[in-house]
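**Q** Top to bottom, those sequences are chains L and X. Quick note on my numbering: the first sequence kicks off at 1 and runs consecutively. Quick note on my numbering: the second sequence kicks off at 438 and runs consecutively. For every residue, glycine included, the Cβ atom is placed at its ideal position computed from N, Cα and C.
Number of protein chains: 2
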Amino acid sequence: MELNHTHDASRRSWLDSANAAGCDFPLQNLPLSVFRRKGSTEAWRGGVAIGDQIVDLGALQSLPGLQDSAAEAVRAAAAPTLNGLLELGPESWRALRHGLYGLLQSGSSLARQVREALVPQLDAEHAVPVRIGDYTDFYTSLDHAVNCCRQFGIEVNPNFDWLPIAYHGRVSSIDVSGQQVYRPAGQYRTDPSSAPVYGPCQRLDYELEVGAVIGIGNARGTPIPLANAQQHIFGLCLLNDWSARDIQTWEMQPLGPFLAKNFATTLSPWIVTLEALLPYRTGWTRAPERPQPLDYLRSADNAAAGAFDIQLEVSILSARRQAQGRPPHKLTRTSFQHQYWTLGQMIAHHTVGGCNLQPGDLLGSGTVSGPNPWEAGALIELTVSGTHPADIGDGEQRGFLKDGDTVVFRGWCEREDYARIGFGVNYATVLPAPGPP
Amino acid sequence: MELNHTHDASRRSWLDSANAAGCDFPLQNLPLSVFRRKGSTEAWRGGVAIGDQIVDLGALQSLPGLQDSAAEAVRAAAAPTLNGLLELGPESWRALRHGLYGLLQSGSSLARQVREALVPQLDAEHAVPVRIGDYTDFYTSLDHAVNCCRQFGIEVNPNFDWLPIAYHGRVSSIDVSGQQVYRPAGQYRTDPSSAPVYGPCQRLDYELEVGAVIGIGNARGTPIPLANAQQHIFGLCLLNDWSARDIQTWEMQPLGPFLAKNFATTLSPWIVTLEALLPYRTGWTRAPERPQPLDYLRSADNAAAGAFDIQLEVSILSARRQAQGRPPHKLTRTSFQHQYWTLGQMIAHHTVGGCNLQPGDLLGSGTVSGPNPWEAGALIELTVSGTHPADIGDGEQRGFLKDGDTVVFRGWCEREDYARIGFGVNYATVLPAPGPP
Numbered sequence: 001m002e003l004n005h006t007h008d009a010s011r012r013s014w015l016d017s018a019n020a021a022g023c024d025f026p027l028q029n030l031p032l033s034v035f036r037r038k039g040s041t042e043a044w045r046g047g048v049a050i051g052d053q054i055v056d057l058g059a060l061q062s063l064p065g066l067q068d069s070a071a072e073a074v075r076a077a078a079a080p081t082l083n084g085l086l087e088l089g090p091e092s093w094r095a096l097r098h099g100l101y102g103l104l105q106s107g108s109s110l111a112r113q114v115r116e117a118l119v120p121q122l123d124a125e126h127a128v129p130v131r132i133g134d135y136t137d138f139y140t141s142l143d144h145a146v147n148c149c150r151q152f153g154i155e156v157n158p159n160f161d162w163l164p165i166a167y168h169g170r171v172s173s174i175d176v177s178g179q180q181v182y183r184p185a186g187q188y189r190t191d192p193s194s195a196p197v198y199g200p201c202q203r204l205d206y207e208l209e210v211g212a213v214i215g216i217g218n219a220r221g222t223p224i225p226l227a228n229a230q231q232h233i234f235g236l237c238l239l240n241d242w243s244a245r246d247i248q249t250w251e252m253q254p255l256g257p258f259l260a261k262n263f264a265t266t267l268s269p270w271i272v273t274l275e276a277l278l279p280y281r282t283g284w285t286r287a288p289e290r291p292q293p294l295d296y297l298r299s300a301d302n303a304a305a306g307a308f309d310i311q312l313e314v315s316i317l318s319a320r321r322q323a324q325g326r327p328p329h330k331l332t333r334t335s336f337q338h339q340y341w342t343l344g345q346m347i348a349h350h351t352v353g354g355c356n357l358q359p360g361d362l363l364g365s366g367t368v369s370g371p372n373p374w375e376a377g378a379l380i381e382l383t384v385s386g387t388h389p390a391d392i393g394d395g396e397q398r399g400f401l402k403d404g405d406t407v408v409f410r411g412w413c414e415r416e417d418y419a420r421i422g423f424g425v426n427y428a429t430v431l432p433a434p435g436p437p
Numbered sequence: 438m439e440l441n442h443t444h445d446a447s448r449r450s451w452l453d454s455a456n457a458a459g460c461d462f463p464l465q466n467l468p469l470s471v472f473r474r475k476g477s478t479e480a481w482r483g484g485v486a487i488g489d490q491i492v493d494l495g496a497l498q499s500l501p502g503l504q505d506s507a508a509e510a511v512r513a514a515a516a517p518t519l520n521g522l523l524e525l526g527p528e529s530w531r532a533l534r535h536g537l538y539g540l541l542q543s544g545s546s547l548a549r550q551v552r553e554a555l556v557p558q559l560d561a562e563h564a565v566p567v568r569i570g571d572y573t574d575f576y577t578s579l580d581h582a583v584n585c586c587r588q589f590g591i592e593v594n595p596n597f598d599w600l601p602i603a604y605h606g607r608v609s610s611i612d613v614s615g616q617q618v619y620r621p622a623g624q625y626r627t628d629p630s631s632a633p634v635y636g637p638c639q640r641l642d643y644e645l646e647v648g649a650v651i652g653i654g655n656a657r658g659t660p661i662p663l664a665n666a667q668q669h670i671f672g673l674c675l676l677n678d679w680s681a682r683d684i685q686t687w688e689m690q691p692l693g694p695f696l697a698k699n700f701a702t703t704l705s706p707w708i709v710t711l712e713a714l715l716p717y718r719t720g721w722t723r724a725p726e727r728p729q730p731l732d733y734l735r736s737a738d739n740a741a742a743g744a745f746d747i748q749l750e751v752s753i754l755s756a757r758r759q760a761q762g763r764p765p766h767k768l769t770r771t772s773f774q775h776q777y778w779t780l781g782q783m784i785a786h787h788t789v790g791g792c793n794l795q796p797g798d799l800l801g802s803g804t805v806s807g808p809n810p811w812e813a814g815a816l817i818e819l820t821v822s823g824t825h826p827a828d829i830g831d832g833e834q835r836g837f838l839k840d841g842d843t844v845v846f847r848g849w850c851e852r853e854d855y856a857r858i859g860f861g862v863n864y865a866t867v868l869p870a871p872g873p874p
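#1: How is V867 (chain X) classed by DSSP in three states: helix, strand or coil?
#2: Note down, in chain order, every chain L residue with its Cβ under 8 Å from the Cβ of Q795 (chain X).
#3: Comparing C-alpha positions only, which one of X:P728, X:W679, X:D828 and X:Q685 sits nearest to F597 (chain X)?
#4: Skipping 5 residues on each side, what residues in its chain have a beta carbon closer than 6 Å to that of G495 (chain X)?
#5: Taking the C-alpha atoms as reference points, what is the distance between P328 (chain L) and Q322 (chain L)?
#6: Which residue or residues does DSSP assign as beta-bridge partners of S772 (chain X)?
#7: Helix, strand or coil: which one does DSSP assign to G58 (chain L)?
#8: Give the DSSP bridge partners of F472 (chain X), in chain order.
#9: Please list the terminal residues of the continuous beta strand (DSSP E) segment that includes Y418 (chain L).
#10: Should the segment 547-555 of chain X be called in touch with the segment 734-752 of chain X, which here means at least 3 C-beta pairs below 8 Å?
#11: Quick one: is G344 (chain L) buried, meaning 16 or more other Cβ sit within 10 Å of its Cβ, or exposed?
#12: Is it buried or exposed for N441 (chain X), if we count other Cβ within 10 angstroms and need 16 for buried?
#13: Just to make sure I have the definition right: I need the residues of chain X whose C-beta is within less than 8 Å of the C-beta of E155 (chain L). Which are they?
#14: Kindly give me the distance between the Cβ atoms of L800 (chain X) and I708 (chain X), rounded to whole angstroms, as I take these residues to be in contact under 8 Å.
#15: Quick one: which residues of the segment 706-740 of chain X get their C-beta closer than 8 Å to a C-beta of chain L? List them in chain order.
#16: Do we get a CB-CB distance below 8 Å when we pair G399 (chain L) with the residues of chain X?
#17: Say whether the segment 332-343 of chain L touches the segment 374-381 of chain L, bearing in mind that this needs 3 or more beta-carbon pairs closer than 8 Å, one atom from each stretch.
#18: Which one of X:G720, X:D612 and X:G536 has the shortest CA to CA distance from V567 (chain X)?
#19: Taking a cut of 9 Å between CB atoms, which residues from the segment 667-695 of chain X lie near chain A?
#20: Which residues in chain L have a C-beta closer than 7 Å to the C-beta of T659 (chain X)? List them in chain order.
#21: Run down chain L in chain order and give the residues with a C-beta less than 9 Å from the C-beta of H563 (chain X).
#22: Give me the Cα-Cα distance between V210 (chain L) and L794 (chain X), rounded to the nearest whole angstrom.
#23: For S385 (chain L), collect the residues of the same chain with a Cβ closer than 6 Å to its Cβ; drop the 5 residues on either side in sequence, then sort them by chain order.
#24: Got a sec: is the Cβ-Cβ distance from W93 (chain L) to anything in chain X below 8 Å?
#25: Classify M346 (chain L): buried if its beta carbon has 16 or more other beta carbons within 10 angstroms, exposed otherwise.
#26: On the DSSP letters alone, give me the boundaries of the beta strand (DSSP E) that N677 (chain X) sits inside.
#27: If I measure Cβ to Cβ from G235 (chain L) and keep anything under 6 Å in the same chain, skipping five residues before and after, which residues do I get?
#28: Which residue from X:I661, X:S614 and X:P869 puts its Cα closest to that of N670 (chain X)?
#29: Per DSSP, which residues does L204 (chain L) bridge with? Please list them.
#30: Enumerate in chain order the residues of its own chain whose CB-to-CB distance from W408 (chain X) is below 7 Å, with the five nearest sequence positions on each side excluded.
#31: Under 8 Å between C-beta atoms, does L163 (chain L) make it to chain X?
#32: So, does the CB of F589 (chain X) fall closer than 8 Å to a CB anywhere in chain L?
#33: Can you list, in chain order, the residues of its chain with a C-beta nearer than 6 Å to that of D134 (chain L)? Leave out the 5 residues immediately preceding and following it.
#34: Please state whether the Cβ-Cβ distance between P184 (chain L) and L259 (chain L) is less than 8 Å.
#35: Taking 7 Å as the cut-off, is the C-beta of L452 (chain X) nearer than that to any heavy atom in the ligand FAD?
#36: Measure the C-alpha to C-alpha separation of H202 (chain L) and V789 (chain X) and round it to an integer number of angstroms.
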């Protein structure tokens, strides 16, 4: 994939809101979601964000003036999940982007007809945009690993230097921004020598992650080489990997986290396509004191590694602050470019043993944390396991999350000479734990 | 659920092969699969095993003489997956069993018509019978845990006594008996102080497990109490959790097994329903030196715990032995009743934090090993990490699996005064690792 006219920052849309400074969804972005009008029983269908509107791909199906391949892609994306579009492959995704770009840019002869296919974002509700076959969560930020291990007085495990560590996550509890997350109950120990107790999690946390949606998979037994890995990614979103730290500490030996993670995962509704993100690719740089990885995790073409400079921000809105009509309080600001292992390396590793990926599979990057204290992507790091509570505004503090807290993620890319593009918002609210079974 | 006339061992079928001694599929069993005629392009549809035949539920749809609820269940099960049947719930599963029982028993007035809906099992091929949303693999055999930990000179982790440990597994690489399993390649260390190398797995193993198919799920945030857990199970099958021990040892800290497991999982084609298994329920007995579990893992009604006495057997057929036309060599013989945690406890624990199960979800029991040396459900135990190779007949030995080896699982239940019912066969063959990516 190469930069092309759809990345030209000077182009504008006929829709004014798309040209506003700081807008997440200018002409150069065109991310996809699945939506319907709020509170309606309409069919879920694909939509594309532009300014403060959504292009309803269901309504756009009947529009003449799209080339064959773009029209086919629109039809595939007008379904209740985007899997049909994913299966069509990169050429179709590209045709869809370029076709919509033509329809939405200033001077389009079809602007009037396209305007009839717009739905205001404020009037829409979203569903998880793809039917996810498998969800894999990685652990690829060295800063996150170092921050966490320091708290337990241990070194980062030696395999971190050699492979992007990962585990399989839970699909059934993945939902989209706006999710109401029940505080999980479970087993934990209040001190390491006692018997466990059952009760609501006392150390509820978020994890700031980037999600990658697989567009095209591979056959079982046929690994994806690093050089081709990015062609298999449809796009990226923001992902909150909710974590119950007390449950996690007690349960995770020897087979990894289970109930500590599987109660909820929240996705942003919009998937920003890899083509839109091309201006924000960065090279992969190995920390000089770390070993050279094995061949299948190395690429002569550094851009093929699949690293991206995505600005990320975490805020918290307490119930009290929300009742006062105040905005969320910013806690963290970092970039995805700090990640030690890249998306390309994650895919190459995931498939090297013959495991097959499928269209719609979801990869989580693992917590994104940067080298500075204000770049910690989880409360366990930011508050040193709750011992140094963070100020969340108006005199409130948090070691871990309280019921009623809303966690808000934002992400965007900006770079001189290119249009700023955003991921929109990923927010979700903590509900009290239900009673015992 | 209670024992009823469908468990009466004295009843016979009009199909002679169903009444033969040692048959896995008598009138009292009636397990379900999804099948089509071998090598055909027919639609996949549900089928029920009887003797050496399959009742084609697609063909049976048009038969008059089934009660409404049974007819509805047959229609739902005539689809390419059994999920529609699962969603109908326990009353429908029961109606299907009782309806088919009536059609297949001696003296049925519809025997001639049903005979027209039979397909010989030898002429059929099978698909994974359900669309699996999530796959969870447990670790619930204390004997397995002790055997494995002893090899590393460590104690079983203290949480084993308190909860059924589990991790999420990979759905995309689950296939049905007959699967060709590529030996995975990946990273491992040849000695613990060296850097890892990349290459084909040198310590390929199987794990003998029982799989449970979830029939009815639960809402997010609504745990399933132990007393109700069994109502959520549709049925059981045999499951081979293929494991690459060298890759596993290197990768599994801190987040659990990943590439060591996600290249393949093999299921037996037949799902034996929970109703068929009722005569084989056993109570849960806590080892006296182990602690009393927390309330949500205890039940006043011991039968509700969900323990089953299922006889299990592992055999290996080497390529050489196969070429000579010889049968598989028996390695292991054990019972599922030795498992420390039961299926009911697995479900109660899985959902206690609010995680939602869905129809078609798959649970693996974890390796089933019994207290005696010949009851080890994996080669790592049976051969003490390959240091004491097992005799597999004709002078061949195995520490771990070689290319061309076929691993064969069988399972059945037998008890005085009840009909023997079987699970059929779960077999799969190891192929050489593909070249590097």
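**A** Put simply:
#1: strand
#2: S172
#3: X:P728
#4: R482 and A515
#5: 8 Å
#6: X:Q748
#7: helix
#8: X:R482 and X:H563
#9: No beta strand (DSSP E) contains Y418 (chain L), which DSSP labels as neither H nor E.
#10: no
#11: buried
#12: exposed
#13: Near E155 (chain L) there are no residues of chain X at all, since even the closest Cβ is about 11 Å away, more than 8 Å.
#14: Rounded, the Cβ-Cβ distance is 13 Å, inconsistent with contact.
#15: P728, L731, D732 and Y733
#16: no
#17: yes
#18: X:D612
#19: Absent here is chain A; the protein component of the structure consists of chains L and X.
#20: P434
#21: In chain order: nothing, as chain L lies at least about 17 Å away.
#22: 26 Å
#23: Q151
#24: no
#25: buried
#26: I670 to N677
#27: V213, I271, V272, T273 and L274
#28: Position check: residue 670 (chain X) holds Ile in this sequence, whereas Asn was assumed. The candidate whose alpha carbon is nearest that of I670 (chain X) is X:I661.
#29: L:A244
#30: Because chain X here runs from 438 to 874, residue 408 (chain X) falls outside it and cannot be looked at.
#31: yes
#32: no
#33: D361
#34: yes
#35: Looking at this structure, you won't find the ligand FAD or any other ligand, since it has none at all.
#36: Before going further, note that residue 202 (chain L) is Gln rather than His in the sequence given. Distance between the alpha carbons of Q202 (chain L) and V789 (chain X): 15 Å.
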